[in-house]
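Chemist:
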């Protein structure tokens with residue numbers, strides 16, 4: 008009977024860890040979106056990974072990229088967090104964003120755990136199933 012409980016306890020511990028990671032990841036993405044909504048590019052930039060920060064150099068450059076390339080995140084009408092998955096390239100959080108025109112966008116956020124917590128390392132647009140190019 009004892010051998011039966013050990014795997015269950017291990018699975019429950021892992022589930023709790025994944026749920027904590029999920030909550031922390033969602034919080035980082037949510038805080039970045041909140042900062043973008045009020046044009047606080049300094050704060051939004053602070054949630055980007057060191058790689059992204061080096062790539063864009065300044066919060067203003069980062070803000071310009073978001074406004075031009077990801078306007079649905081800059082001014083969302085609605086944000087919903089979908090599944091978190093772990094791949095060989097790290098953790099990916101799927102986010103469904105509805106823009107101000109009512110169009111739905113699926114985005115995958117690649118998250119890395121830096122020494123100071125979770126950071127956004129990439130955002131990819133995902134084509135919805137059934138959508139045409």
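Residue numbers (the working numbering): 8 to 140. The beta carbon of each residue, even a glycine, is placed where N, CA and C say it ideally should be.
Tell me whether residue 19 sits in a helix, a strand or coil according to DSSP, three-state version.
Modeler: No answer about residue 19 holds up, because its pLDDT of 49 lies below 50 and its placement is not dependable.
Chemist: DSSP on residue 85, reduced to helix/strand/coil?
Modeler: Looking at residue 85 - three-state DSSP - the assignment turns out to be strand.
Chemist: If distances are taken between C-alpha atoms only, which option among 51, 45, 80 and 127 comes closest to residue 98?
Modeler: If we check each option's Cα against that of residue 98, 127 comes out closest.
Chemist: Note down the Cα distance separating residue 35 from residue 41, rounded to an integer number of angstroms.
Modeler: Going from the Cα of residue 35 to the Cα of residue 41 covers about 10 Å.
Chemist: Using a 10 Å radius around the Cβ and a threshold of 16 neighbouring Cβ atoms, would you call residue 70 buried or exposed?
Modeler: So residue 70 ends up on the buried side.
Chemist: Counting pairs of Cβ atoms below 8 Å between the region 42 to 51 and the region 70 to 83, do you hit three or more?
Modeler: Touching, yes, given that three or more Cβ pairs across the two stretches are closer than 8 Å.
Chemist: In three-state DSSP terms, what is residue 109?
Modeler: Three-state DSSP puts residue 109 in coil, outside helix and strand.
Chemist: For residue 80, name the three-state secondary structure that DSSP assigns.
Modeler: Here residue 80 sits in helix by DSSP.
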